[in-house]
Amino acid sequence: MSEIASFDQPVMMKIDKIIDESDGTKSFMFKHKIDYTPGQFIMVWLPGIDEKPFAVSYLGDDFFGITVLERGKYTKLLHKMGAGEQLGIRGPFGHGYSFPDVIADGKGSACVIGGGCGMASVTILIEKLQANNPTILMGAATSTSLFFKNRYKDIILFTDDGSEGIKGYPTDILEELHNKHKYDIVYTCGPEIMMFKVYEFCKKRDIQCEASLERYMKCGIGICGQCVCSRQMVCKDGPVFNLQTLSNMHDFGKFSLLKSGRKVQLQEYAEWRSC
Numbered sequence: 001m002s003e004i005a006s007f008d009q010p011v012m013m014k015i016d017k018i019i020d021e022s023d024g025t026k027s028f029m030f031k032h033k034i035d036y037t038p039g040q041f042i043m044v045w046l047p048g049i050d051e052k053p054f055a056v057s058y059l060g061d062d063f064f065g066i067t068v069l070e071r072g073k074y075t076k077l078l079h080k081m082g083a084g085e086q087l088g089i090r091g092p093f094g095h096g097y098s099f100p101d102v103i104a105d106g107k108g109s110a111c112v113i114g115g116g117c118g119m120a121s122v123t124i125l126i127e128k129l130q131a132n133n134p135t136i137l138m139g140a141a142t143s144t145s146l147f148f149k150n151r152y153k154d155i156i157l158f159t160d161d162g163s164e165g166i167k168g169y170p171t172d173i174l175e176e177l178h179n180k181h182k183y184d185i186v187y188t189c190g191p192e193i194m195m196f197k198v199y200e201f202c203k204k205r206d207i208q209c210e211a212s213l214e215r216y217m218k219c220g221i222g223i224c225g226q227c228v229c230s231r232q233m234v235c236k237d238g239p240v241f242n243l244q245t246l247s248n249m250h251d252f253g254k255f256s257l258l259k260s261g262r263k264v265q266l267q268e269y270a271e272w273r274s275c
């Protein structure tokens, strides 16, 4: 068993086991130690196909795992792989979530909001926050696309169509929950439209907020510039940004770059990423 560290070339690792999480979502587990901060990402290389960034969604002393939603050529091929086959791993990279003193001492109040496959980015964060007894909100399109819903106690579920949990979005009850819990910080990862609403809510009420942004990444180490968002390299300077930095990122919640480098509105970017 080996410990991986940040490196330029991928290290080939065998898939130890695969967990079916929900319709179209699987977790791939590896028997390796990794020095990982919640919110960072690793680059996963599928030889001959492509390399993509993923958050670590399972973490132990001698193992880690990633959770993958099937939605494009790369992820469809990944989903066809089995235990014993190998993937190339680089990382971890980037800056993860922070733990202000009021949170680190276990006395502060925290809320964690995950939307869709963004829930995979906040799992290790939630485990780090157990002393704070965080409020956990998870949203998905339908009941069948929810995952990790049984992983945490007292998680509040939302679905767009009302097929499970509360019909609507996690941001719908954020005001009510904040009035009750007086949050010191809100962490979020998911659709950028959702995260932008969380950011606006926190900014208006002077609550600290940290959001994990998703952009198309090639190198993962700040060289290619593909993931730039208002002069910030999402791979190198993020992917987690706090409220103060987000306030100066005018593309946040509005624009992103396609693989070609063309700047488009988020809706067009989301449609391209779903192919």
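Residues in the sequence shown are numbered from 1 upward in steps of one, following UniProt numbering. Even glycine gets a Cβ: it sits at the ideal position worked out from N, Cα and C.
Asked	Found
C-alpha distance - residue 195 paired with residue 118, whole-angstrom precision	10 Å
Residue environment, residue 92, which counts as buried when at least 16 other CB atoms sit within 10 Å	buried
Status (buried if at least 16 other CB within 10 Å, exposed otherwise) for residue 230	exposed
Entirely enclosed alpha helix (DSSP H) segments - the UniProt domain "FAD-binding FR-type" (8–99), minimum 4 residues	73–79
The region 206–222 / the region 131–149 touching (three or more Cβ pairs under 8 Å)	no
Beta-bridge partners of residue 166, as assigned by DSSP	158
Beta-carbon gap between residue 257 and residue 199 smaller than 8 Å	no
Beta-carbon proximity list for residue 76, same chain, < 8 Å, skipping 5 on both sides	70
Residues of its chain near residue 308, where Cβ-Cβ distance is below 7 Å and the 5 sequence neighbours each way are ignored	Lying outside 1 to 275, the shown extent of the chain, residue 308 is not represented and no answer is given.
Buried/exposed call for residue 247, threshold 16 Cβ in 10 Å	exposed
DSSP-derived helix/strand/coil call for residue 171	helix
DSSP state of residue 224 mapped onto helix, strand, coil	coil
Helix, strand or coil at residue 268 according to DSSP, with G and I counted as helix	helix
Cα-Cα separation, residue 129 to residue 197	23 Å
Other residues of its chain near residue 144: CB distance less than 7 Å, five sequence neighbours each side excluded	22, 23
Proximity below 8 Å, CB of residue 152 to CB of residue 124	no
Per DSSP, the bridge partner or partners of residue 212	189, 240
Cut-off 6 Å between Cβ atoms - residues of its own chain near residue 17, not counting five sequence neighbours on either side	29, 83
Whether residue 39 touches residue 239 by CB criterion (8 Å)	yes
Inter-residue CB distance, residue 27 and residue 15 (contact presumed, cutoff 8 Å)	At roughly 10 Å, the Cβ-Cβ gap does not stay under 8 Å, so residue 27 and residue 15 are not in contact.
Nonlocal neighbours in the same chain, by C-beta distance under 6 Å from residue 37, ignoring five residues either side	96
Per-residue DSSP class, three states only, for residue 252	coil
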